[in-house]
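Here is the structure we will look at.
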Amino acid sequence: MDALELLVNRRSASRLAEPAPAGEQLESILHAGMRAPDHGTLQPWHFFIIEGEGRDRFSAVLEKGAKEAGQDEKGIDKARNAPFRAPLIIAVVAKCQPEHKVPVWEQEMSAGCAVMAMQMAAVAQGFNGIWRTGPLTDSPAVRTGLSCGEHDKIVGFLYLGTPQLKASTTVSVPDTAPFVTRF
């Protein structure tokens with residue numbers, strides 16, 4: 003699949019199984035993330051690789067965050083089970099420098115671009131994934147678990163693996179007119 007086809011037919015896959023990217027494949031995914039647009043060459047991101055027993059540890063962190071947020075048992079159970087949706091998760095934290103001339107919002111966007119680049123690199127290698135966020139990205143317990151500083155922002159959790167369902171390789175062509183104004 004060429005780069006343009008990959009981008010215009012992008013779709014997430016939420017049902018993921020083994021195998022997950024590993025070795026050189028995972029390194030290529032991380033390298034793609036490191037090539038995200040980065041004003042000021044700040045590299046304002048940190049990637050947490052969560053796999054194997056790390057999913058158990060991450061499960062405990064998410065469960066604690068859900069409990070502290072006052073979620074009901076269903077919400078706590080959902081948080082506890084979230085890491086087992088895929089064999090590999092890359093949590094991405096924008097490591098922001100508020101005193102820098104590059105605004106914090108731009109640093110956060112750069113980390114978000116890293117997530118997109120990593121997902122596309124996974125798809126290019128025959129894997130897929132889904133970028134998830136949600137209220138637990140602001141949880142003090144989850145922020146502590148991912149070593150977030152005061153100005154850092156968890157921009158998402160990239161779940162990666164092999165899609166369980168065969169999805170169409172193309173999507174319908176969207177009408178861009180409602181989203182575009184010629185100036």
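Those letters in the sequence shown? Residues 3 to 185, by the working numbering.
Just so it is clear, CB atoms sit at the ideal spot from N, CA and C, and this is done for glycine as well.
Q.
Does the structure place the stretch 90-100 close enough to the stretch 65-75 that three or more beta carbon pairs sit under 8 Å?
A. By the Cβ rule, the stretch 65-75 does not count as touching the stretch 90-100, because fewer than three pairs are nearer than 8 Å.
**Prompt:** So what does DSSP say about V175, is it helix, strand or coil?
**Reply:** Position 173 of the sequence shown holds residue 175. Looking at V175 - three-state DSSP - the assignment turns out to be coil, as it is neither helix nor strand.
* Asked: If we ignore side chains and look at the alpha-carbon of each, how far apart do M36 and A116 end up?
  -> Here the question's residue 36 lines up with position 34 in the sequence shown. Here the question's residue 116 lines up with position 114 in the sequence shown. Those two C-alpha atoms are separated by around 7 Å.
Check: With distances taken from CA atoms, which of M122, K168, G136 is nearest Q27?
Finding: On the sequence shown, residue 27 is found 25 positions in, with the first residue counted as 1. That would be M122, whose Cα lies nearest to the Cα of Q27.
| query | If you drop the 5 nearest sequence neighbours on each side, which residues of the same chain put their C-beta closer than 6 Å to that of G77? | reply | Within the sequence shown, the letter at position 75 stands for residue 77. Cβ within range, chain order: A68.
Check your understanding: Exposed or buried, which one is I51 when buried takes at least 16 other CB atoms within 10 Å?
Key -> Here residue 51 refers to the residue found at position 49 of the sequence shown. By the 10 Å Cβ count, I51 comes out exposed.
### Message
Would you call the stretch 142-162 in contact with the stretch 122-134, where contact means no fewer than 3 C-beta pairs closer than 8 Å?
### Response
Touching, per the Cβ criterion.
In this structure, does DSSP put L44 in helix, strand or coil?
The residue you call residue 44 lines up with position 42 of the sequence shown. Looking at L44 - three-state DSSP - the assignment turns out to be coil, as it is neither helix nor strand.
| field | Three-state class that DSSP yields for E101 in the structure shown | value | One-based indexing of the sequence shown puts residue 101 at position 99. In the structure shown, E101 sits in coil (DSSP, three-state: anything other than H, G, I, E or B).
Skipping 5 residues on each side, what residues in its chain have a beta carbon closer than 8 Å to that of D58? One-based indexing of the sequence shown puts residue 58 at position 56. The residues are P85.
K155: first and last residue of the uninterrupted alpha helix (DSSP H) it sits in: Position 153 of the sequence shown, counting from 1, holds the residue named residue 155. It is not in any alpha helix (DSSP H) - K155 instead sits in the beta strand (DSSP E) that spans 155-165.
### Message
Taking 9 Å as the threshold (C-beta atoms), are L148 and A81 in contact?
### Response
Start at 1 with the first residue of the sequence shown, and residue 81 comes out as number 79. Start at 1 with the first residue of the sequence shown, and residue 148 comes out as number 146. The answer is no: Cβ separation not under 9 Å.
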